[in-house]
Amino acid sequence: MHRVQGQATKDSDDALLNEEMEVQDAAKKKRTKNYRRSLNTRISFSARLPRDVRGVFADSICAVKYSSNPFSDIRDSIQEMIQNVGVQNWKEMEELIYCYIVLNSSEVHKVIEDAFVSLVHF
68 MHRVQGQATK
78 DSDDALLNEE
88 MEVQDAAKKK
98 RTKNYRRSLN
108 TRISFSARLP
118 RDVRGVFADS
128 ICAVKYSSNP
138 FSDIRDSIQE
148 MIQNVGVQNW
158 KEMEELIYCY
168 IVLNSSEVHK
178 VIEDAFVSLV
188 HF
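Residue numbering for the sequence shown follows the working numbering, beginning at 68 and increasing consecutively.
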């Protein structure tokens, strides 16, 4: 009788272990799916100007860049756009700011603001 009980205990232990492994696998799959979903919403290797951009920036090409120094890179990019496109007035400057804000995540907005402010000469 002890053997049968031991076997039953072993079988129930195996069943519990299998059930626990299935739960862990399901949780891992869910975490992986959620992680991939969060990556898809936060990281993009393509960018496109919003449809409502008009005027001098309408034909601009967006470039996605990883940066170890966002302030400097954004500032240089803004300066390049001002020179190459030929920003003529404050309205065009506002349109350029809008493009940078729309194309970048909210975590970068303060850096964009600081870069623009550093270029404005009063």
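The beta-carbon is built from N, C-alpha and C at its ideal position, and this holds for glycine as well. Model, not experiment: these values are computed from the prediction.
{"Item": "Is the segment 149 to 160 in contact with the segment 171 to 178, if contact means three or more CB pairs nearer than 8 Å?", "Value": "no"}
{"Item": "Taking buried to mean at least 16 other C-beta atoms within 10 Å of its own C-beta, is Glu174 buried or exposed?", "Value": "exposed"}
{"Item": "How big is the Cα-Cα spacing for Glu86 and Ser172?", "Value": "41 Å"}
{"Item": "Taking the straight line between their C-alpha atoms, what separation do you get for Met148 and Val131?", "Value": "15 Å"}
{"Item": "For Val187, count neighbouring Cβ atoms within 10 angstroms of its own Cβ and tell me buried if that reaches 16, exposed if not.", "Value": "exposed"}
{"Item": "Tell me the rounded alpha-carbon separation between Thr108 and Ile145.", "Value": "The predicted position of Thr108 is uncertain, since its pLDDT is 45 and thus under 50; no value can be drawn from it."}
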